[in-house]
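Engineer: If you read the sequences in order, they're chains A and B.
Counting in my numbering, the first sequence runs from 1 upward without gaps.
Counting in my numbering, the second sequence runs from 1 upward without gaps.
2 protein chains.
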Amino acid sequence: MITIALPKGALLTDSIELFKQVGLDFSAFLDKSNRQLQISDPTNTATALLVRAQDVPVYVEYGQAQLGIVGYDVLREKQPEVANLSDLKFGYCRMSVAVPKTSSYRSSVELPPNGRVASKFVNCAREYFRKIDLPIEIVPLSGSVELGPITGMSEAIVDLVSTGKTLKENGLIEIDILYESTARLIAHPLSYRLNQSELHNLITKIRSLIDS
Amino acid sequence: MITIALPKGALLTDSIELFKQVGLDFSAFLDKSNRQLQISDPTNTATALLVRAQDVPVYVEYGQAQLGIVGYDVLREKQPEVANLSDLKFGYCRMSVAVPKTSSYRSSVELPPNGRVASKFVNCAREYFRKIDLPIEIVPLSGSVELGPITGMSEAIVDLVSTGKTLKENGLIEIDILYESTARLIAHPLSYRLNQSELHNLITKIRSLIDS
Chain A
1 MITIALPKGA LLTDSIELFK QVGLDFSAFL DKSNRQLQIS DPTNTATALL VRAQDVPVYV
61 EYGQAQLGIV GYDVLREKQP EVANLSDLKF GYCRMSVAVP KTSSYRSSVE LPPNGRVASK
121 FVNCAREYFR KIDLPIEIVP LSGSVELGPI TGMSEAIVDL VSTGKTLKEN GLIEIDILYE
181 STARLIAHPL SYRLNQSELH NLITKIRSLI DS
Chain B
1 MITIALPKGA LLTDSIELFK QVGLDFSAFL DKSNRQLQIS DPTNTATALL VRAQDVPVYV
61 EYGQAQLGIV GYDVLREKQP EVANLSDLKF GYCRMSVAVP KTSSYRSSVE LPPNGRVASK
121 FVNCAREYFR KIDLPIEIVP LSGSVELGPI TGMSEAIVDL VSTGKTLKEN GLIEIDILYE
181 STARLIAHPL SYRLNQSELH NLITKIRSLI DS
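Below you can see the structure in the form of structure tokens.
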């Protein structure tokens, strides 16, 4: 039996819709009264695990799930050893540099050398500023990154932007985009290579659905 | 003006109560309709930041807040460079090793060598198993750690236990305690040394409150 790791949060509804279209119904996870984190589809051909987005690649890397859906941002930040199979074309967002509207910075290179950038995505942020050759101190936060510039702790933030509403509410504007992100189908490399539980069949179905 | 970093979640209510008793009222943070992450007390003598528990030491370490309240578990896991001033005697919980009730393990040393332990507290877990000299692979998860043993990905978990309800609901039992944790008052070391904004006054008041 195939086990699939599904991410809580923004990508869940589209992920469940996708599997429904290839015959696997995990919509029980969308029921607000549901407290289960592991369910089987009604035909008993697959199991789904409901986990935090960052944990999806962990379950897939350890082979506990053969397949998973996760945002490209998580793959880019954590660099897990999983097979990145398909761009699922939903869950679009971008990893951006943002600064207070009231500041004078309108591009990343204008940020002061040895300035501070607050981010949940410390690896992505570090890589980006190294590439543009600007020495920056990364302040690692786990939430409400917009508080960095508001409190004066950092000149800028690197964060995931989807509608831009949070930035706007906090008086911040995007000045650069590191990369764009969408949901990805990932697989446990060995299970994929060995075609365990006829994994290829399911993947082919998903791919043709995405292409159509 | 003093800035104080307060942790979202389990410690918030008691933290706000503590500061209220020394004359600083941040109870606006308890109002469910509140969306502000930074407020001043009505007398305008202090500002409070509402941040994730793990981010409290970050704000204090960078001197953005001179004081903060955070669980000992976060200090133990992250080892931030802050002054650990007082045990506030609330927010009691313990960092424990737990296994499925159905397993045969009743003590950490009985766990199989090269087994797996899932945890959000990877540093605490690694240090503990190194100390008891048991080679263990730590599986880093960011939430729902109890899924580790349920799915068979790990033999055990290391997690924070307060009432024990989550463990019970998931068929897990505690077999060892790494350490006990309570809320701590922390300070930015330099601000504390320089007695910025008469920090010592406030700290003395809090300490005598705790001792009484």
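Glycine included, each C-beta is placed from N, C-alpha and C at the ideal position.
Everything numeric in this text was worked out from a predicted model, so none of it was measured.
Grab me the residues of G9 of chain A's own chain with a C-beta within less than 6 Å of its C-beta, minus the 5 sequence neighbours each way, in chain order.
Structural biologist: These residues qualify, in order along the chain: A53.
Engineer: Should L190 of chain A go down as buried or exposed, given a rule of 16 or more other Cβ atoms within 10 Å for buried?
Structural biologist: With fewer than 16 other Cβ atoms within 10 Å, it is exposed.
Engineer: Alpha carbon to alpha carbon, what distance is there between E137 of chain A and L185 of chain B?
Structural biologist: Answer to the nearest angstrom: the Cα atoms are 26 Å apart.
Engineer: Ordered along the chain, which non-local residues of its own chain (more than five positions away) have a Cβ less than 6 Å from that of H188 of chain A?
Structural biologist: Answer for H188 of chain A: V60, G63 and Q66, listed in chain order.
Engineer: I think V109 of chain A touches I132 of chain A, with their Cβ atoms under 8 Å apart; what is that distance to the nearest whole Å?
Structural biologist: Correct: roughly 6 Å between the Cβ atoms.
Engineer: Hey, Q36 of chain A and T47 of chain A: beta-carbon distance below 9 Å or not?
Structural biologist: Contact flag unset, no.
Engineer: Taking a contact to mean a Cβ-Cβ separation below 9 Å, would you say G164 of chain A touches A156 of chain A in this structure?
Structural biologist: No, Cβ-Cβ distance for G164 of chain A and A156 of chain A is not below 9 Å.
Engineer: Put L11 of chain A into one of helix, strand or coil per three-state DSSP.
Structural biologist: Note: L11 of chain A maps to coil in three-state DSSP.
Engineer: Should T151 of chain B go down as buried or exposed, given a rule of 16 or more other Cβ atoms within 10 Å for buried?
Structural biologist: Classification for T151 of chain B: buried.
Engineer: Please say whether V74 of chain B and K205 of chain B have beta carbons closer to each other than 9 Å?
Structural biologist: Not in contact: K205 of chain B and V74 of chain B (Cβ atoms no closer than 9 Å).
Engineer: Cβ closer than 8 Å: which chain A residues qualify as neighbours of I150 of chain B?
Structural biologist: Near I150 of chain B (Cβ distances below 8 Å), the residues of chain A are L37 and Q38.
Engineer: Going by DSSP in three states, Q38 of chain B sits in which element: helix, strand or coil?
Structural biologist: In this structure, Q38 of chain B counts as strand in the three-state DSSP scheme.
Engineer: Given F129 of chain B, which residues of its chain have a CB within under 6 Å of its CB, disregarding the five upstream and five downstream residues?
Structural biologist: Correct list, in chain order: I136.
Engineer: Please report the Cβ distance between V139 of chain A and V117 of chain A, rounded to the nearest whole angstrom; I am assuming they are in contact, meaning their Cβ atoms lie under 8 Å.
Structural biologist: Between V117 of chain A and V139 of chain A the Cβ distance is about 7 Å, and since that is below 8 Å, they are a contact.
Engineer: With a 10 Å radius around its C-beta and 16 neighbouring C-beta atoms as the bar for buried, classify D87 of chain A as buried or exposed.
Structural biologist: Flag for D87 of chain A reads exposed.
Engineer: Can you look up V109 of chain B in the DSSP assignment and give me helix, strand or coil?
Structural biologist: Correct three-state label for V109 of chain B: helix.
Engineer: Restricting to Cα atoms, I'd like to know which of B:F121, B:I2 and B:G71 is closest to C93 of chain B.
Structural biologist: Nearest C-alpha to C93 of chain B: B:G71.
Engineer: Tell me, to the nearest whole angstrom, how far the beta carbon of S96 of chain A is from that of L12 of chain A; I am working on the premise that it is less than 8 Å.
Structural biologist: Contact flag wrong, Cβ pair sits at about 23 Å.
Engineer: Which class does T47 of chain B belong to by DSSP, given the choice of helix, strand or coil?
Structural biologist: Looking at T47 of chain B - three-state DSSP - the assignment turns out to be strand.
Engineer: Is it the case that the Cβ atoms of R32 of chain A and F26 of chain A are separated by a distance below 9 Å?
Structural biologist: The sequence as given places Lys at residue 32 of chain A; Arg does not occur at that position. No; because the gap between Cβ atoms is not below 9 Å, this pair is not in contact.
Engineer: For S208 of chain A, report the span of its alpha helix (DSSP H) as first-last.
Structural biologist: Unbroken alpha helix (DSSP H) run through S208 of chain A: L199 to D211.
Engineer: So which of A:N170, A:A125 and A:K89 has the shortest CA-CA distance to K101 of chain A?
Structural biologist: The shortest Cα separation from K101 of chain A among A:N170, A:A125 and A:K89 belongs to A:N170.
Engineer: Could you pull the start and end residues of the beta strand (DSSP E) that L178 of chain B belongs to?
Structural biologist: Start and end: L172 to S181.
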